[in-house]
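Participant:
Residue numbers (the working numbering): 6 to 354.
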């Protein structure tokens, strides 16, 4: 039935027929029975799949009854599905260290870093992802801020990801694919892991996540320098570092150390974004945290100063409510992120 090729799997966003999920179609007079092989037992979206098939097939002339018979793929079928979608992408050496995969599933990888916490790095990452998505780029976000993960909340994405043949299917916010340690833990559960465990988790998120072909993969790094930043530089040697700071000297100075770390690990520094640049009241700007710290840092590093973002209550409220301001109808505030996104998209690596 050609009609079934118009029905997509809600997670994989590809036709059920292309995914070999249709087992059989039986037509008996005005009745149709469709056999479906789900990727996993207890698929959380089986109701959606059933409804889509029932509605679409039921629209055909002469069809009065549609029955959907749900089954589950075998292990071999899941392996075949993984190969079909993503090929033999993942290769590992004897010590289980990943070979570099940058450029295999993402045209560009941008690691968003800051020298210290509290400068709004994750909010910038989430809004930059939203802005780039609005420009019709295919975006992935990897939340590598393991100890302080907040990307799921800011992007309004929650739930437990599906796994297919030991590969993780990222969750989505519209056209943004997202993976975070927060999807596997309670929101208030702390992460108490040593370096090797962090290294393994980040490598799994990079190599074992079933990303679509992306234009940009944004990685929200933990503040400062540490094991995860080194892991990213080893696994994704072509990644670019985007530094987020506030105008405050202590923030820009510590951010400078992060940029110097990038030089030692052979990562290129894309540029600097200054967050919380000023507060505007009655048309007057107040530079609460000082002025031009981000520009001075960019001059010191000899990299572009990409843009500044003011202190706005609406930006904070939007992040807390799981709807990034870059996706809102507030064109003035969204514009700060859209301008930065356009600048980054136009910058050649």
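Just so it is clear, CB atoms sit at the ideal spot from N, CA and C, and this is done for glycine as well.
In this text the structure is predicted, and so the values were computed from the model without any measurement.
1. Would residue 69 be called buried (16 or more neighbouring beta carbons within 10 Å of its own) or exposed?
2. Which first and last residues belong to the alpha helix (DSSP H) in which residue 345 is found?
3. Among the candidates 189, 236, 228, whose CA atom is the shortest distance from the CA of residue 164?
4. How many angstroms separate the CA atom of residue 230 from the CA atom of residue 269?
5. How would you label residue 274, buried or exposed, when you count the other beta carbons within 10 angstroms and need 16 or more for buried?
6. Going by beta carbon distance, what residues of the same chain come within less than 6 Å of residue 136, once the five residues before and after it are set aside?
7. Pick from 351, 224, 333: whose alpha carbon is nearest that of residue 186?
8. Are three or more beta carbon pairs between the region 167–177 and the region 215–223 nearer than 8 Å?
9. Exposed or buried, which one is residue 3 when buried takes at least 16 other CB atoms within 10 Å?
10. Judging by CA-CA distance, which residue of 132, 241, 180, 247 is the nearest neighbour of residue 338?
11. Which residues in the same chain as residue 19 place their Cβ atom closer than 7 Å to its Cβ, once the five residues preceding and following it in sequence are excluded?
12. Measure the Cβ-Cβ separation of residue 299 and residue 313 and say whether it is below 8 Å.
13. Assuming the contact rule is C-beta atoms closer than 8 Å, residue 167 and residue 16 should be a hit. Round their C-beta distance to whole Å, please.
14. I think residue 77 touches residue 43, with their Cβ atoms under 8 Å apart; what is that distance to the nearest whole Å?
15. In terms of alpha-carbon separation, which member of 88, 35, 142, 30 lies closest to residue 222?
16. Please state the DSSP three-state secondary structure of residue 125.
17. Under the three-state reduction of DSSP, which class applies to residue 185: helix, strand or coil?
18. So, does the CB of residue 337 fall closer than 8 Å to a CB anywhere in chain C?
19. Contact between the region 255–263 and the region 140–157 is defined here as three or more beta-carbon pairs at a separation below 8 Å; is this criterion met?
20. Quick one: measure Cβ to Cβ for residue 227 and residue 120, integer angstroms, because I've assumed they're closer than 8 Å.
21. Pull the bridge partners of residue 72 from the DSSP assignment, please.
Facilitator: Answer, in terms of the structure:
1. Only exposed fits residue 69, as fewer than 16 other CB atoms lie within 10 angstroms of its CB.
2. Membership of residue 345 in the alpha helix (DSSP H) is indicated by the continuous run 336–351.
3. Of the candidates 189, 236, 228, the one whose C-alpha sits nearest the C-alpha of residue 164 is 189.
4. Here the alpha carbon of residue 230 sits roughly 12 Å from the alpha carbon of residue 269.
5. It is buried - the Cβ of residue 274 has at least 16 other Cβ atoms within 10 Å.
6. Apart from the 5 residues on each side of it in sequence, residue 136 sits with its Cβ closer than 6 Å to the Cβ of 331, 342, 343, 346 in its chain, given in chain order.
7. Minimum Cα distance to residue 186 is reached at 224.
8. At 8 Å Cβ cutoff, the stretches touch.
9. With the chain represented from 6 up to 354, any question about residue 3 goes unanswered, as that position is not in the structure.
10. Among 132, 241, 180, 247, the Cα nearest to that of residue 338 is on 132.
11. Closer than 7 Å at Cβ, skipping near neighbours: 13.
12. Yes, these two residues count as a Cβ contact at 8 Å.
13. Correct: roughly 6 Å between the Cβ atoms.
14. Cβ-Cβ separation between residue 77 and residue 43: approximately 5 Å, consistent with a contact (criterion under 8 Å).
15. For the residues 88, 35, 142, 30, the minimum Cα distance to residue 222 belongs to 142.
16. Three-state DSSP puts residue 125 in coil, outside helix and strand.
17. Residue 185: strand per DSSP, three-state reduction.
18. This model lacks chain C altogether, as it is built from one protein chain only.
19. These segments do not touch.
20. Contact between residue 227 and residue 120 does not hold, since the beta-carbon distance rounds to 11 Å and is not under 8 Å.
21. Answer is 38.
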